[in-house]
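Here is the structure we will look at, set down as structure tokens.
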Amino acid sequence: MTFRDGTLVDWHEWSADAFAAAERAGKPVLCSLTAPWCEWCRRMDEEAYSDPKLAANIGESFLPIRVDVDRRPRIRERYNMGGFPTTVFLTPEGTVLSGATYLGPEGLRQVLDGVRGSWDAKGSAAGRVPRSVSGADRPSGPVTAEIEAHMVEQVAAAFDDEYGGWGSDAKFPLPRTIEFALKRDRDRGRRTLEAVRTHLFDTYDGGFYRFAETRRWSEPHREKLTDENAALLNAFVSGYLYTGEDAYRKTAERTVEYLTTTAWTGEAFAGSQAASDYYTLEPTEREEADAPHVDPTVFADRNGIAVDALFRFAALTDDDGAARYAERALETVLETLVDDGRVRHFEGAESESGLLADQARVLAGLAAAAQLDGPDGWVAPARAIADDAIDRLAAEDGSFRDGDPVGPGLLDRPLYPLGTNAEMADALLDLEALTGETRYGTAARDALSAFAGAYDRMGVEAAGYAAACARAHYEPLVVRTPPAGTDLHRAALRIADHEKVVVPGDRSVAVVVRGGERGVPAETPEELLDRAAEGPAP
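Mind the numbering: the sequence shown is residues 11 to 548 in my numbering, read in order.
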């Protein structure tokens, strides 16, 4: 099957048939990885793929395949060359010949000639398998306190004291790193929140841009992705939790407003909003202009993290409206995308099912719902999703692969992503506390242990992994409370530790459990806050 997609190139869908056609024709594959929110993807379509001579060259010498990376994340993770658009050249077996990000007409022409020359000289022998999918063993080791301590050192060493954030070139907000810092290095966490709010937050329409091209947080890439907005919502909620500063709450409120208006489909959260020159207009000019396109696709993973963030916001602010949006989105995902614990990425015949990111993030959303609303209706599907992931995706060493290893190209080679393993481990630790079933905690610790031998080589981007290791090593702070909605339950939700687990149940007092040891029961919110500050009973 071929399609034009607004360019002059006759694109093929990613499929076994397309690779077989390349093999029969003796051609390499030109694979274009794009996203509906990507401004540079649109520019390359207009400038390069709409050039008649280039389109003819591509059709004559290559088998062109186009991939939407939001819909096909396993292809994205195996073939991304460092940003989007990615233009990657493959053998008919799916190994990599060459690749680049954005290419203008002349740049693409030169690359086409170079790749074709290499192909004519060496054929498939010129292909290589990227190191990330080479099948190398994970460096396992014990989950110890040193992992958290190492990351505390990294957060300090890599911090940009002049402009805030981490990195000396492009600045990404790194919301999980911010949250790690807020608990362990609050000044640097707060300074990064300030930089993100100042430079990446759209004060007119709401929502956060994806990243900035420079160390000074200038030249933002203005696409707005639902999962990244939700992750930053979590970071600002944590900032408010630890400091009580109203500015953090207001930014969080505006982000909730963006998610529940612009990014709301009526049933759940949309995938993204495209970058556009619209965002450079003055407010009065925006009023007369059309807002950028919103991709209405409901992705399971993006909804999972959005649900988690809105429940956390509601837990801290008593915003019933935010909780209702989260509940509706979670119900939609469960009704349309979950079948016997297997989570489908989105609703459509071409969607994959059972991807690790979808399983982990929907599980996290369910765990957040159970902590705010109580376990009824949420824990049963959480168990099913966790059980499916453990049974199907866990390797012998305990790490989780990113999905079932099937499909053309390198899709039959599993990946074991560190960040998503950490997210799954975090969600499983929550589920262990909510259910009392130790098998979930065991699976979490096994997954973290599979990577622990390399902790001393991890940078600040792995702060989420270090935080999960700290929770696994010390065991998360667990607060067992009377039913949801009681004063003790609401007080527990406000304890200043964003890594805690609140377990509402049929009891009359609240008990803090730290490191497996139960504290003295609390009968009032004031007593509970004191108990949380004290630690376990002797």
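Idealized CB from N, CA, C, for every residue including glycine.
Classify residue i: buried if its beta carbon has 16 or more other beta carbons within 10 angstroms, exposed otherwise.
i      : result
Thr101 : buried
Glu189 : buried
Gln120 : exposed
Thr187 : buried
His355 : buried
Arg328 : Reading the sequence as shown, one finds Asp at residue 328 and not Arg. So Asp328 counts as exposed.
Asp436 : buried
Pro493 : exposed
Ala359 : exposed
Pro548 : Legend: pLDDT at Pro548 = 36, less than 50; position of this residue unreliable, value from coordinates given subsequently. Exposed, since its Cβ has fewer than 16 Cβ neighbours within 10 Å.
Thr448 : exposed
His303 : exposed
Thr261 : buried
Gly331 : exposed
Ser228 : exposed
Ala205 : buried
Ser282 : buried
Thr342 : buried
Arg194 : buried
Glu345 : exposed
Thr272 : buried
Short of 8 Å in beta carbon distance, which residues of its chain neighbour residue i, apart from the five on each side in sequence? Order them along the chain.
i      : result
Trp274 : Ala280 and Tyr335
Val519 : Pro492, Leu498, Pro531, Ala532 and Glu533
Met434 : Leu366, Gln369, Ala370, Leu373, Ala399, Phe410, Ala454 and Ala457
Check whether the Cβ atoms of residue i and residue j lie closer than 8 Å to each other.
i      : j      : result
Ala310 : Val353 : yes
Val143 : Arg201 : no
Glu238 : Cys48  : no
Leu43  : Val106 : no
Ala166 : Arg198 : yes
Pro74  : Asp20  : yes
Arg196 : Tyr252 : yes
Ser150 : Ala482 : no
Cys51  : Val77  : no
Gly117 : Asp55  : no
Val266 : Phe323 : yes
Asp456 : Gly408 : yes
Gly177 : Arg225 : yes
Val530 : Arg517 : no
Take residue i as the anchor and find which of the options has the nearest alpha-carbon.
i      : options                           : result
Ala453 : Ala443, Leu118, Arg76 and Leu439  : Leu439
Arg338 : Leu347, Ala278, Ala316 and Glu362 : Ala278
Ala506 : Gln369, Glu544 and His22          : Glu544
Asn313 : Thr261, Tyr250 and Ala379         : Ala379
Val247 : Arg264, Thr236 and His231         : Arg264
Leu365 : Ala404, Asp386, Gly331 and Trp388 : Ala404
Leu235 : Trp227, Thr261, Leu269 and His22  : Leu269
Glu471 : Phe169, Pro418, Glu267 and Ser363 : Phe169
Ser134 : Asp80, Ile157 and Pro38           : Pro38
Gly92  : Arg81, Pro83, Gly104 and Ala110   : Ala110
Arg326 : Ser282, Glu255 and Thr294         : Note that residue 326 is Leu in the sequence shown, not Arg. The shortest Cα separation from Leu326 among Ser282, Glu255 and Thr294 belongs to Glu255.
Arg141 : Leu539, Asn90 and Gly451          : Asn90
Tyr112 : Ala65, Gly69 and Glu57            : Glu57
Leu242 : Tyr258, Pro230 and His231         : Tyr258
Arg34  : Glu103, Ala464 and Val139         : Glu103
Ala284 : Thr294, His231, Leu320 and Ala240 : His231
Val308 : Thr294, Arg296 and Leu340         : Leu340
Ala155 : Gly515, Val522, Val521 and Asp466 : Asp466
So, for residue i: in the same chain, excluding its five sequence neighbours on each side, which residues have a beta-carbon less than 6 Å away from its beta-carbon?
i      : result
Ala551 : Any question about residue 551 goes unanswered here, given that the chain covers just 11 to 548.
Asp554 : In the structure as shown, the chain begins at 11 and stops at 548. Residue 554 is therefore absent and cannot be evaluated.
Ser108 : Phe99 and Val125
Trp129 : Pro38
Arg552 : A question about residue 552 goes unanswered here, because the residues of the chain that appear run from 11 up to 548.
Arg14  : none
Ala464 : Pro149
In its own chain, which residues sit with a C-beta less than 7 Å from the C-beta of residue i, not counting the 5 before and 5 after it?
i      : result
Leu497 : Before going further, note that residue 497 is Asp rather than Leu in the sequence given. Within the same chain, Asp497 has close Cβ partners Pro535.
Ala45  : Cys51, Asp78, Val79, Asp80 and Phe94
Ala367 : Pro83, Asp311 and Thr430
Asp383 : Ala494
Ala501 : Pro535, Leu538 and Leu539
Leu64  : Ala58, Pro115, Leu118 and Arg119
Val389 : Ala380, Leu444 and Thr445
Asn67  : Leu122
For chain B, is any of its Cβ atoms less than 8 Å away from the one on residue i?
i     : result
Phe99 : The question asks about chain B, but that chain is absent: this structure has only one protein chain.
Inter-stretch contact at 8 Å, needing at least 3 Cβ pairs: the stretch 394-404 / the stretch 360-374
Segments in contact, yes.
Quick test of the definition: if touching needs 3 or more C-beta pairs under 8 Å, does the stretch 345-352 touch the stretch 281-298?
Taking 8 Å as the limit for Cβ pairs, the verdict is that the stretch 281-298 does not touch the stretch 345-352.
Are three or more beta carbon pairs between the stretch 485-492 and the stretch 507-517 nearer than 8 Å?
The stretch 507-517 and the stretch 485-492 touch, with three or more beta-carbon pairs separated by less than 8 Å.
Are the stretch 218-228 and the stretch 179-186 touching, with three or more C-beta to C-beta distances below 8 Å?
Between the stretch 218-228 and the stretch 179-186, the count of Cβ pairs shorter than 8 Å is three or higher; the stretches touch.
With three or more beta-carbon pairs closer than 8 Å as the criterion, would you say the stretch 28-46 touches the stretch 203-218?
Not touching, per the Cβ criterion.
Contact the stretch 161-171 vs the stretch 465-482: 3+ CB pairs below 8 Å
Contact between the stretch 161-171 and the stretch 465-482 is present: 3 or more CB-CB pairs across the two stretches fall below 8 Å.
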